[in-house]
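A.B. asks:
Numbering (the working numbering), first residue to last: 1 to 911.
(1) Return the residue from the list 244, 376, 226, 221 that minimises the CA-CA distance to residue 91.
(2) Can you tell me which of 292, 870, 777, 221 puts its alpha carbon nearest to the alpha carbon of residue 828?
(3) Please work out which residues of its chain come closer than 6 Å, Cβ to Cβ, to residue 83, disregarding the five sequence neighbours upstream and downstream, and give them in chain order.
(4) Is it right to say residue 199 is buried, meaning 16 or more other beta carbons lie within 10 angstroms of its own, or is it exposed?
(5) In this structure, does DSSP put residue 907 in helix, strand or coil?
(6) Since I believe residue 101 is in contact with residue 156 (beta carbons under 8 Å), could you give me their beta-carbon distance rounded to a whole number of angstroms?
(7) Can you tell which of 153, 169, 652 has its C-alpha closest to the C-alpha of residue 144?
(8) I need the straight-line Cα distance from residue 72 to residue 734, nearest angstrom please.
(9) Is the beta carbon of residue 348 sitting closer than 8 Å to the one on residue 303?
(10) Does residue 254 pass the burial test, meaning 16 or more other C-beta atoms within 10 Å, or should it be called exposed?
(11) Thinking C-alpha only, which one of 601, 730, 910, 682 is nearest residue 624?
(12) Quick check on the DSSP output: what are the complete beta strand (DSSP E) runs of length 3 or more inside the segment 197-241, in order along the chain?
(13) According to DSSP, what are the bridge partners of residue 376?
(14) Measuring CB to CB, does residue 43 end up less than 8 Å from residue 821?
(15) In chain order, what residues of the same chain lie with their CB nearer than 7 Å to the CB of residue 727, ignoring the 5 residues before and after it?
(16) Does DSSP put residue 113 in a helix, in a strand, or in coil?
(17) Which residues in the same chain as residue 293 place their Cβ atom closer than 6 Å to its Cβ, once the five residues preceding and following it in sequence are excluded?
(18) Terminal residues of the continuous alpha helix (DSSP H) containing residue 521?
(19) Which residues mark the beginning and the end of the beta strand (DSSP E) in which residue 822 is found?
(20) By Cβ distance below 6 Å, which residues in the same chain neighbour residue 895 in space, the five residues on each side in sequence not counted?
(21) Which class does residue 565 belong to by DSSP, given the choice of helix, strand or coil?
(22) To which residues of the same chain is residue 193 closer than 7 Å at the C-beta, ignoring the five residues directly before and after it?
(23) Nearest CA to the CA of residue 252: which residue from 307, 295, 207, 289?
(24) Should residue 605 be labelled buried (16 or more other beta-carbon atoms within 10 Å of its own) or exposed?
(25) Measure the beta-carbon distance from residue 112 to residue 269 and round it to whole angstroms, keeping in mind my assumption that it falls under 8 Å.
(26) Around the Cβ of residue 703, are there at least 16 other Cβ atoms within 10 angstroms (buried) or fewer (exposed)?
(27) Within a Cβ cutoff of 6 Å, which residues of the same chain sit near residue 297, ignoring the five residues on either side of it in sequence?
(28) Where do the N-terminal and C-terminal ends of the beta strand (DSSP E) with residue 48 fall, by residue?
(29) Would you check if the distance between the CB atom of residue 900 and the CB atom of residue 872 is smaller than 8 Å?
(30) How far does the alpha helix (DSSP H) with residue 406 in it extend, from its first residue to its last?
(31) Just to confirm, are residue 779 and residue 753 a CB contact at a threshold of 8 Å?
(32) Would you give the residue range spanned by the beta strand (DSSP E) that residue 705 belongs to?
(33) Ends of the beta strand (DSSP E) at residue 857?
(34) Which residue marks the beginning of the alpha helix (DSSP H) containing residue 78, and which one marks its end?
(35) So, under 8 Å CB-CB, residue 655 and residue 592 are touching, yes? Tell me the CB distance rounded to an integer number of Å.
(36) Should residue 246 and residue 141 be called a contact, given that it needs their Cβ atoms to be closer than 8 Å?
Following this line, the structure appears as structure tokens:
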């Protein structure tokens with residue numbers, strides 16, 4: 001899409017030229033005050049509201065207004081946020097899910113709801129935004145620079161989602177909308193490609209405007225359709241004779257699978273706000289947010305092991321081997337393989353509740369705010385698999401492989417795997433099945449008290465007022481993960497009955513043809529035994545709890561001054577964060593007597609960080625604004641990194657202990673940041689901006705193996721049982737592989753943005769407009785010992801989540817109720833964080849993405865018989881952008897995933 005990039009460059013260049021030429025909304029006099037009185041609707045209204053938020057802020061921010069949300073085919077708020085300058089989304093199951101801010105991993109950003117930190121259903125802090133319906137969010141502000149009064153601030157940015165405040169609305173609003181959608185991949189395995197969305201909102205005021213109520217409900221029911229080919233990791237350089245027919249030193253993957261994933265995702269969201277303002281002194285706001293999401297999917301796949309493990313049958317041999325110039329295996333015929341047909345089922349339920357009560361009291365010289373909040377998130381999952389192979393064994397096959405194309409890697413078997421009567425539940429080379437039942441709950445309570453005082457008259461030339469405050473937050477997150485083999489029942493080997501079969505799925509996109517599809521949980525219930533446990537040695541460390549108590553106090557002086565003829569706004573202040581962190585878990589000591597091998601472990605620490613900040617906004621002539629910011633920023637460690645879990649042992653030949661696990665004694669990521677932004681406004685109609693930033697990360701957390709770790713407590717436990725069995729002294733210190741604070745580095749970037757209605761150039765372009773941004777990021781930080789060497793190699797890697805280039809381009813037209821807009825989100829290659837089969841975070845290279853969405857809408861005019869009705873036609877991922885991961889170089893693919901295009905047709909009615 002080079003023409004799109006050229007359009008973006010042209011738009012930005014035109015914007016700068018426009019500014020330099022002094023064009024001001026077709027009024028060369030420089031008087032833009034009339035622009036603020038123009039009544040606008042639709043797309044323009046949303047854009048202008050967002051511009052107002054950005055212009056009025058004393059920090060460097062980006063914003064989305066309610067009028068923007070829902071105008072594009074946004075199933076969740078994630079897609080709306082991902083269009084903002086300097087932000088990028090990572091897709092999961094075809095949906096934008098987590099957000100990177102300014103080239104940093106989602107770990108570095110914090111998400112708030114109405115100014116309060118949010119819990120998450122994942123193992124970490126980063127919020128999965130696809131759980132938040134866009135229809136229930138009134139606005140989003142992304143703080144790229146913090147101030148001392150911003151609680152829960154992140155290091156890369158802070159994303160604050162806001163719900164409706166009913167007393168801010170002038171009239172009653174009742175809105176109902178619905179959309180019907182279809183996915184282009186079509187029906188498979190009993191799941192159709194259709195889905196629907198429905199939402200209703202109500203806002204009104206009562207009791208002479210002193211009581212306001214806002215209610216919202218959103219429902220979505222979406223089909224999950226996916227085509228995927230995945231290769232085993234790691235790609236490795238094989239040795240002599242490891243894979244007969246393949247030369248030593250060739251880069252090679254030990255397996256490949258092709259699958260068709262089908263399922264359904266349902267989500268119900270509720271929002272309620274009650275606001276009471278009996279007088280100008282007191283305002284009380286009670287708000288609640290609830291979302292319940294349930295999804296299931298089955299992946300029916302053909303899988304082939306291409307390594308040296310073949311269930312004891314004839315050894316693999318590869319003919320017609322093709323190796324490219326980079327030494328990567330790209331094709332051949334694998335003989336003597338024993339393919340299996342696998343069904344993998346996942347069922348997940350997420351539940352998020354958030355409540356807050358805020359009271360604002362304004363006295364003669366002081367304004368007091370008290371805010372109390374509670375939120376909780378829970379996740380329950382069930383993961384099951386069945387493994388089938390052709391019987392009687394062995395029925396070895398020859399499979400043609402081709403990884404050389406730009407599309408899906410190809411695997412073409414020589415045998416037919418479409419007949420379910422020829423495939424049996426049996427003890428395959430990967431067993432008969434395996435299952436997991438993870439559970440996560442995350443609970444956060446907080447209380448905040450702030451006071452605002454007018455500045456003394458002696459300071460009135462510089463300071464307008466002061467803020468002081470304190471916030472206490474108590475967070476507790478727990479995870480359990482029961483697992484176990486799924487074994488054959490008393491009937492032994494069996495095919496799956498016809499009443500549990502769906503229509504076969506077509507893996508033709510991968511060259512694999514038809515394979516059976518069946519009801520995996522029903523097959524487990526009828527033919528198999530599954531008794532998950534947490535007591536096995538390798539499962540004991542997967543159960544953990546992390547607790548945090550964070551007390552934040554702050555002081556902020558708000559600046560409102562004149563330097564000569566230039567107005568200056570902003571703030572200066574300091575925030576103190578005192579953190580008590582603690583984790584409890586267990587480790588397995590196989591040397592202990594049976595029944596005593598699970599040993600409790602707990603650890604933690606306390607520390608205090610002082611975070612000064614400065615924000616200055618210089619209001620220059622001709623609506624130019626120059627912003628400068630400095631701050632010390634922190635990001636709390638990942639929750640799963642803070643776990644106390646460890647796997648411990650003693651080398652009886654050397655007497656040295658060793659372990660791997662988490663680290664409850666981590667310090668946070670810390671950075672010193674500086675920002676500079678120039679913004680040129682044309683009233684609230686348009687703006688162009690250029691910003692640069694620099695972050696000096698004083699530390700970075702990554703997995704390291706450190707010598708000299710103190711294992712005194714564990715060694716004492718071990719010696720109590722084994723002291724008489726070892727003749728050499730057992731040391732108290734040894735190697736520990738875990739997350740540690742390491743050396744940091746720098747992150748820097750530049751951002752260009754333009755939001756322009758094109759009638760600024762010519763009346764002939766009235767109704768047309770563009771919103772464009774380009775972000776460029778770079779860093780000298782290198783992760784010296786990556787957590788997942790199997791995916792990204794053992795050499796130093798760049799920061800996870802960092803795309804060096806991120807582009808967003810929106811072109812729109814609006815006239816007499818007719819609206820059309822096209823949006824492109826584009827990011828360059830990055831290292832993504834992905835949960836692997838074990839449920840553990842792994843790092844993989846991800847190819848850059850290019851996603852195009854569009855919408856056409858028509859709103860009937862006021863006074864017509866259909867006043868208030870709007871009709872929509874929407875399309876997402878119109879270019880069918882695939883998701884690609886790879887190992888080191890792009891000729892060594894890992895995952896190639898296609899989610900297809902989604903079309904939506906719908907209507908809304910507002911009265």
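Beta carbons are placed, not taken as given, at the ideal position from N, Cα and C, and that holds for glycine.
Every value quoted in this text rests on a predicted model; they were computed, and no experiment measured them.
C.D. replies: With the given structure in hand:
(1) Here residue 91 corresponds to residue number 91 of the chain shown, with the count starting at 1. Of the candidates 244, 376, 226, 221, the one whose C-alpha sits nearest the C-alpha of residue 91 is 226.
(2) Position 828 of the chain shown, counting from 1, holds the residue named residue 828. Checked all of 292, 870, 777, 221; the closest Cα to residue 828 is 777.
(3) In the chain shown, the residue the question calls residue 83 occupies position 83. Within the same chain, residue 83 has close Cβ partners 808.
(4) Here the question's residue 199 lines up with position 199 in the chain shown. So residue 199 counts as buried.
(5) In the chain shown, residue 907 corresponds to position 907, counting from 1. In this structure, residue 907 counts as strand in the three-state DSSP scheme.
(6) Here residue 156 refers to the residue found at position 156 when the chain shown is read from its first residue. Here residue 101 refers to the residue found at position 101 when the chain shown is read from its first residue. Yes, they are in contact, since the Cβ atoms of residue 156 and residue 101 sit about 4 Å apart, within 8 Å.
(7) Here residue 144 corresponds to residue number 144 of the chain shown, with the count starting at 1. Here the closest residue by C-alpha is 153.
(8) By 1-based counting over the chain shown, the position of residue 72 is 72. By 1-based counting over the chain shown, the position of residue 734 is 734. Confidence at residue 72 is low in this model, with a pLDDT of 44, below 50, so the placement of that residue is unreliable and no value is reported for it.
(9) As a working note, residue 348 is residue 348 in the chain shown. As a working note, residue 303 is residue 303 in the chain shown. No, the pair does not count as a contact, with Cβ atoms beyond the cut-off.
(10) Along the chain shown, read from residue 1 onward, the residue named residue 254 stands at position 254. That one is buried.
(11) Taking the first residue of the chain shown as 1, we reach residue 624 at position 624. Nearest option by C-alpha distance: 682.
(12) 211-231
(13) Numbered from 1 along the chain shown, position 376 holds the residue referred to as residue 376. BP columns for residue 376 point to 353, 443.
(14) Translated into positions along the chain shown, residue 43 becomes position 43. Translated into positions along the chain shown, residue 821 becomes position 821. Closer than 8 Å, so yes.
(15) The count along the chain shown starts at 1 and reaches residue 727 at position 727. There are no such residues.
(16) One-based indexing of the chain shown puts residue 113 at position 113. Three-state result, residue 113: strand.
(17) Counted from its first residue, the chain shown places residue 293 at position 293. Correct list, in chain order: 131, 267, 350.
(18) Here residue 521 refers to the residue found at position 521 of the chain shown. Segment 520-527, the alpha helix (DSSP H) holding residue 521.
(19) For the purposes of this step, residue 822 is taken as residue 822 along the chain shown, with counting starting at 1. Element bounds for residue 822: 818-827.
(20) Counted from its first residue, the chain shown places residue 895 at position 895. Cβ within range, chain order: 230, 885.
(21) Here residue 565 refers to the residue found at position 565 when the chain shown is read from its first residue. Residue 565 falls in the coil class under three-state DSSP.
(22) Taking the first residue of the chain shown as 1, we reach residue 193 at position 193. Cβ within range, chain order: 182, 183, 185, 186, 187, 223, 225.
(23) Translated into positions along the chain shown, residue 252 becomes position 252. The option with the nearest alpha carbon to residue 252 is 307.
(24) For this step, residue 605 is matched to residue 605 along the chain shown. So residue 605 counts as exposed.
(25) Residue mapping note: residue 112 aligns to position 112 of the chain shown, counting from 1. Residue mapping note: residue 269 aligns to position 269 of the chain shown, counting from 1. Actually they do not touch by this definition, with Cβ atoms about 17 Å apart.
(26) Start at 1 with the first residue of the chain shown, and residue 703 comes out as number 703. Its Cβ being crowded by 16 or more others within 10 Å, residue 703 is buried.
(27) In the chain shown, the residue the question calls residue 297 occupies position 297. So the list reads 224, 261, 263, 346, once near-sequence residues are dropped.
(28) The sequence position of residue 48 within the chain shown is 48, counting from 1. Not the beta strand (DSSP E): residue 48 falls in the alpha helix (DSSP H), residues 42-56.
(29) To locate residue 900, count along the chain shown from 1; it is residue 900. To locate residue 872, count along the chain shown from 1; it is residue 872. No; because the gap between Cβ atoms is not below 8 Å, this pair is not in contact.
(30) Here residue 406 corresponds to residue number 406 of the chain shown, with the count starting at 1. Premise fails: residue 406 is in no alpha helix (DSSP H) and is neither H nor E.
(31) For the purposes of this step, residue 779 is taken as residue 779 along the chain shown, with counting starting at 1. For the purposes of this step, residue 753 is taken as residue 753 along the chain shown, with counting starting at 1. Not a contact, by the Cβ cut-off of 8 Å.
(32) Translated into the one-based positions of the chain shown, residue 705 becomes position 705. Here the beta strand (DSSP E) through residue 705 covers 686-710.
(33) For the purposes of this step, residue 857 is taken as residue 857 along the chain shown, with counting starting at 1. Unbroken beta strand (DSSP E) run through residue 857: 849-859.
(34) Taking the first residue of the chain shown as position 1, residue 78 is located at position 78. It spans 77-82 - the alpha helix (DSSP H) in which residue 78 sits, taken as one unbroken run.
(35) As a position in the chain shown, residue 655 is number 655, starting the count at 1. As a position in the chain shown, residue 592 is number 592, starting the count at 1. Contact flag wrong, Cβ pair sits at about 18 Å.
(36) On the chain shown, position 246 is the one that residue 246 refers to. On the chain shown, position 141 is the one that residue 141 refers to. Going by C-beta atoms, residue 246 is not nearer than 8 Å to residue 141.
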